[in-house]
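Colleague: The structure under discussion is supplied below as structure tokens; questions concerning it will follow.
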Amino acid sequence: MDVKKNSDDLIIAGRTFNSRLFIGTGKFSSSAVMDRAIIASGTEMITVALRRVDLDNPADDLLNAIMKHEKIQLLPNTSGARDADEALRLARLAREMGCGNWIKLEVTPDPRYLLPDPVETLIAAEKMVKEGFIVLPYINADPILAKRLEEAGTATVMPLGSPIGSNRGIKTEENIRIIIELATVPVVVDAGLGMPSHAAHAMEMGADAVLVNTAIASAHEPVSMAAAFKLGVEAGRAAFSSGKTVETLTAHPSSPLTGFLRD
Amino acid sequence: MFDELYAHHTWETVKELIYGCNEQDVQHALSAESLSPEEMAALFSPASDPFLETMAVKSSHITRMRFGNIIQLYAPLYISNECTNSCVYCGFNRNNDIKRMTLTLDQVVDEANLLYERGFRHVLLLTGEHRKAVPVSFLGEIAEHIHRKFASVSIEVYPMETDEYRYMSQRGIDGLTLYQETYNREIYSEVHPAGKKKDFLWRLTGPDRGGMAGFRKIGIAPLLGLADWRVEGYFTALHALYLSKTYWRSHIQISFPRLRKAPGGFHPPVEISDYALTHLICVMRIILPDAGLVLSTREPEYIRDNVMSLGITMMSAGSRTEPGGYTRPGLADNQFSIEDSRSPEEMCRVIRGHGLDPVWKDWDRDFIS
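Protein chains in written order, with the working numbering: chain R, 1 to 263; chain D, 1001 to 1369.
Structure, rendered in structure tokens:
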């Protein structure tokens, strides 16, 4: 039996998470709103773009706003990096700065759709793992790339549902299904989840967690949207753990049409 | 390069295309997922004027989804006001009798330090066009110094060769801003009567050279007030779309500089209303959902406060447009007078008051080794 179904703890790199909702930080209107959204979401993993952190300034506002929450795993990300070298440089700096060794690897050379570069991501992941980082790579929903990253020693894989900030839901469903089926590391669906129902969908499919930024930060009421996503994730996870019934194209009447044969 | 695409368009045919659009074309364009040239033209057309509110709602929504609730701040740093051109609208016109100077490296560093203390982490270096007063090597030296401190350093200087841009990039410059001023070739010739700037195509292909040199950000703009803003807007969008497809690793930015009074007594030939400016910003956002849209202190408080949430992603604050303006005011004359003189601190309060988060740093110098 699938170990994921035995216990509902999410474990990444030896650390247990009670929430399967990860949160991004880049788009909130103020750190006060972000604070309340973090609490409402119940999240224990928060990603922050290193390019937004003043690495020269130990009292950086954004970092402090996140670090003050207890039980939060800080997940610095390398967004803006165009190749493996740039991502590596940023990761090393973040570690030197005291941001820890967890890193959300993002190599997105195309500033329009912010789609991840599979080649550079794999190169960066291999190097980062060797340097002792706990690497959570953002990838397109490519099952083979996911396996290659897993072999390289990444802690998770994070396939996108649709492009960042698009709120279009899971458009890469078939490939995410395969990634989940083949994965031996947690699968975190990242990017494109616009509604709690999208998050629920990902969890029902068997994703181990989801990461949400835009849909919460850009909502009219980010705090209640964060709470709504928490519920969506929990509902989806509960449905998955309960053993989803199978979809069919034909009706199954509760009084079988051929029941007379058994009379 | 863009001159090839530009050669397929004349000002008159684009103008006809724009002015020939009707209400139905606009409605069609507003519901289209990706825009054809005709649909793009419809959004600039007079027929689209009654749809401004709809466009503003759409523009604002796209911006919040793509960029979040933030405005990124930057500051211009003028290195020199010496210039060999005679652009009729510009305070630095070589024929103007103004106090001129080129800062020394130490003076530039003083200016930069003050901007850093004020909170800025993104700085834009500017000069006139004077390769003797400000050679590429000097700009490189400045870049190396400034780059140690700031998250992002861009240049808005005379157009360079690809190799020179590459050199600037290697010295730590990550962004290039180069306004075409106008995409109307005849008007371009009239307002740029002398100097290297006379060469329309040299300037038009400047962003291409920057793209080839690998700049991470490429900024373009028309100077608003020289020609019909609808046609100018269309060409600007065309240029931006071309750049974003060709140099797909670079982030494209568009500014909306309305001409201001400058030393020399120039009066803009075309009036650009607040309405037109707002229209342009919203349409640019709809056409280019991912472009950085920049609004400087050229604009008065009233406009800046009201359009900042409609599509703008970058604003300057507390700017000076003369060399030495931050630490040694009065030593040199400015390029134009700014309209919004609020301090960066005050600007942050205003931005927050609009439900947006002022962001000082949205880049990292360590992207470039």
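Every residue, glycine too, gets a C-beta built ideally from N, C-alpha and C.
Going along chain R, which residues have a C-beta under 7 angstroms from D:Asn-1306?
Modeller: Locating residue 1306 of chain D in the second sequence gives position 306, counting from the first residue. Within 7 angstroms Cβ-Cβ: nothing; D:Asn-1306 doesn't reach chain R, min ~18 angstroms.
Colleague: What in chain D is Cβ-close to R:Pro-143, meaning under 7 angstroms?
Modeller: Sequence index remark: in the first sequence, residue 143 of chain R carries index 143 (1-based). Under the 7 angstroms cutoff, chain D gives no residues; its nearest Cβ is about 26 angstroms from R:Pro-143.
Colleague: For R:Met-158, which of helix, strand or coil comes out of DSSP?
Modeller: Indexing the first sequence from 1 puts residue 158 of chain R at position 158. Strand.
Colleague: Measuring CB atoms only, is the region 163 to 172 of chain R touching the region 203 to 218 of chain R, in the sense that at least three cross pairs come out at less than 8 angstroms?
Modeller: Contact holds: three or more Cβ-Cβ distances are below 8 angstroms.
Colleague: Just mark D:Arg-1171 as buried or exposed, buried being the case when its beta carbon has 16 or more other beta carbons within 10 Å.
Modeller: Counting from one through the second sequence, the residue named residue 1171 of chain D turns up at place 171. Counting Cβ neighbours within 10 Å, D:Arg-1171 comes out buried, since at least 16 surround it.
Colleague: Run through the DSSP bridge pairs and tell me what D:Tyr-1116 is partnered with.
Modeller: Taking the first residue of the second sequence as position 1, residue 1116 of chain D is located at position 116. DSSP, once it has assigned bridges, lists no residue as partnering D:Tyr-1116.
Colleague: Please state if the CB of D:Gly-1068 and the CB of R:Lys-27 are separated by a distance shorter than 8 angstroms.
Modeller: By 1-based counting over the first sequence, the position of residue 27 of chain R is 27. By 1-based counting over the second sequence, the position of residue 1068 of chain D is 68. Contact flag set, yes.
Colleague: Contact criterion: CB-CB distance below 8 angstroms. Does R:Leu-21 meet it with respect to chain D?
Modeller: If you number the first sequence from 1, residue 21 of chain R lands on position 21. For R:Leu-21, the answer is no, since every Cβ of chain D falls outside 8 angstroms of its Cβ.
Colleague: Quick check: R:Ala-199 and R:Gly-232, are their CB atoms within less than 8 angstroms of each other?
Modeller: Position 199 of the first sequence, counted from the start, is the residue given in the question as residue 199 of chain R. Position 232 of the first sequence, counted from the start, is the residue given in the question as residue 232 of chain R. The answer is yes: Cβ separation under 8 angstroms.
Colleague: Cα separation between R:Leu-265 and R:Ala-238?
Modeller: A query on residue 265 of chain R cannot be resolved here, the shown segment of chain R reaching from 1 to 263 and no further.
Colleague: Can you give me, in chain order, the residues of the region 213 to 235 of chain R that have a beta carbon less than 7 angstroms from any beta carbon in chain D?
Modeller: Answer in chain order: Thr-214, Ala-217, Ser-218.
Colleague: Measuring only the C-alpha atoms, how far is D:Asp-1274 from D:Ile-1303?
Modeller: Locating residue 1274 of chain D in the second sequence gives position 274, where the first residue counts as 1. Locating residue 1303 of chain D in the second sequence gives position 303, where the first residue counts as 1. C-alpha separation (whole angstroms): 7 angstroms.
Colleague: Flag D:Cys-1021 as yes when its Cβ comes closer than 7 angstroms to any non-hydrogen atom of the ligand FAD, and as no otherwise.
Modeller: In terms of ligand content, the structure shown is empty, and the ligand FAD therefore cannot be addressed.
Colleague: The alpha helix (DSSP H) with D:Leu-1077 in it runs from where to where?
Modeller: As a first step, residue 1077 of chain D is located in the second sequence; it is residue number 77 there, counting from the start. Unbroken run through D:Leu-1077 is the beta strand (DSSP E), 1070 to 1078; no alpha helix (DSSP H).
Colleague: When the distance is taken between beta carbons, is R:Ala-146 closer than 8 angstroms to R:Val-107?
Modeller: Taking the first residue of the first sequence as 1, we reach residue 107 of chain R at position 107. Taking the first residue of the first sequence as 1, we reach residue 146 of chain R at position 146. No, Cβ-Cβ distance for R:Val-107 and R:Ala-146 is not below 8 angstroms.
Colleague: With DSSP collapsed to three states, give me the class of R:Glu-221.
Modeller: Position 221 of the first sequence, counting from 1, holds the residue named residue 221 of chain R. Coil at R:Glu-221, not helix or strand.
Colleague: Any beta carbon of chain R sitting closer than 8 angstroms to that of D:Lys-1197?
Modeller: Taking the first residue of the second sequence as 1, we reach residue 1197 of chain D at position 197. Output row for D:Lys-1197: interface = no.
Colleague: Taking the continuous alpha helix (DSSP H) assigned at D:Ser-1060, which residues delimit it?
Modeller: Position 60 of the second sequence, counted from the first residue, corresponds to residue 1060 of chain D. Looking at the DSSP string, the run of the alpha helix (DSSP H) that includes D:Ser-1060 is 1052 to 1067.
Colleague: Is any beta-carbon of chain D found at less than 8 angstroms from that of R:Phe-133?
Modeller: In the first sequence, counting from the first residue as 1, residue 133 of chain R sits at position 133. For R:Phe-133, the answer is no, since every Cβ of chain D falls outside 8 angstroms of its Cβ.
Colleague: Show which residues of chain R have a CB atom less than 8 angstroms away from the CB atom of D:Lys-1361.
Modeller: Against the second sequence, residue 1361 of chain D aligns to sequence position 361. Chain R residues near D:Lys-1361: Arg-51, Arg-52, Val-53, Asp-54.
Colleague: Does the beta carbon of D:Phe-1367 sit closer than 8 angstroms to a beta carbon anywhere in chain R?
Modeller: One-based indexing of the second sequence puts residue 1367 of chain D at position 367. Yes, because at least one Cβ of chain R sits closer than 8 angstroms to the Cβ of D:Phe-1367.
Colleague: State the Cα-Cα distance for the pair R:Ala-124 and R:Ala-87, rounded to the nearest angstrom.
Modeller: Here residue 124 of chain R is taken as the residue at index 124 of the first sequence, counted from 1. Here residue 87 of chain R is taken as the residue at index 87 of the first sequence, counted from 1. The alpha-carbon atoms of R:Ala-124 and R:Ala-87 are separated by roughly 7 angstroms.
Colleague: Mind listing which residues of the region 1070 to 1088 of chain D have their C-beta closer than 8 angstroms to chain R's C-betas, in chain order?
Modeller: Per Cβ criterion, the list reads Ile-1070.
Colleague: Let me check understanding here. Comparing Cα to Cα, which of R:Asp-9, R:Ile-11, R:Met-45 lies closest to R:Thr-25?
Modeller: The count along the first sequence starts at 1 and reaches residue 25 of chain R at position 25. Residue R:Met-45 is the option with its Cα nearest to R:Thr-25.
Colleague: Taking the alpha carbon of D:Leu-1224 as the point to measure from, which residue in D:Pro-1268, D:Ile-1312, D:Gly-1211, D:Phe-1200 has its own alpha carbon closest?
Modeller: Residue 1224 of chain D sits at position 224 when you count from the first residue of the second sequence. Taking only the C-alpha atoms, the option nearest D:Leu-1224 is D:Pro-1268.
Colleague: Taking the straight line between their C-alpha atoms, what separation do you get for D:Lys-1015 and D:Phe-1002?
Modeller: Start at 1 with the first residue of the second sequence, and residue 1015 of chain D comes out as number 15. Start at 1 with the first residue of the second sequence, and residue 1002 of chain D comes out as number 2. So the two alpha carbons sit approximately 19 angstroms from each other.
Colleague: Distance cutoff 8 angstroms, beta carbons only. Does R:Phe-28 sit that close to anything in chain D?
Modeller: Residue mapping note: residue 28 of chain R aligns to position 28 of the first sequence, counting from 1. With 8 angstroms as the cut-off, R:Phe-28 counts as an interface residue toward chain D.
Colleague: Would you report the Cα separation of R:Asn-140 and D:His-1192, rounded to the nearest angstrom?
Modeller: For the purposes of this step, residue 140 of chain R is identified with residue 140 of the first sequence, where counting begins at 1. For the purposes of this step, residue 1192 of chain D is identified with residue 192 of the second sequence, where counting begins at 1. Each residue's Cα considered, the two are about 49 angstroms apart.
Colleague: Against chain D, does R:Asn-64 count as a neighbour if the rule is that its beta carbon must be under 8 angstroms from one of theirs?
Modeller: Residue numbering aside, residue 64 of chain R sits at position 64 when the first sequence is read from its first letter. No, its Cβ sits nowhere closer than 8 angstroms to a Cβ of chain D.
Colleague: Given that D:Gly-1355 touches chain R, what residues does it touch there, using C-beta distances under 7 angstroms?
Modeller: Here the question's residue 1355 of chain D lines up with position 355 in the second sequence. Chain R residues near D:Gly-1355: Ser-29.
Colleague: Report yes or no: do the region 1133 to 1147 of chain D and the region 1184 to 1199 of chain D share at least 3 C-beta pairs separated by less than 8 angstroms?
Modeller: Cβ pair count under 8 angstroms is below three, so no.
Colleague: Going by the beta-carbon positions, is the gap between D:Ile-1252 and D:Ile-1218 smaller than 8 angstroms?
Modeller: Here residue 1252 of chain D is taken as the residue at index 252 of the second sequence, counted from 1. Here residue 1218 of chain D is taken as the residue at index 218 of the second sequence, counted from 1. Yes. Within cutoff.
Colleague: Within the continuous beta strand (DSSP E) that includes R:Lys-171, where are the two ends?
Modeller: If you number the first sequence from 1, residue 171 of chain R lands on position 171. Unbroken run through R:Lys-171: none, as it is neither H nor E.
Colleague: If you follow the beta strand (DSSP E) that D:Arg-1352 is part of, which residue opens it and which one closes it?
Modeller: To locate residue 1352 of chain D, count along the second sequence from 1; it is residue 352. Unbroken run through D:Arg-1352 is the alpha helix (DSSP H), 1344 to 1353; no beta strand (DSSP E).
Colleague: Tell me, please, which residues DSSP counts as bridged to R:Met-45.
Modeller: In the first sequence, counting from the first residue as 1, residue 45 of chain R sits at position 45. Partner(s): R:Phe-22, R:Gln-73.
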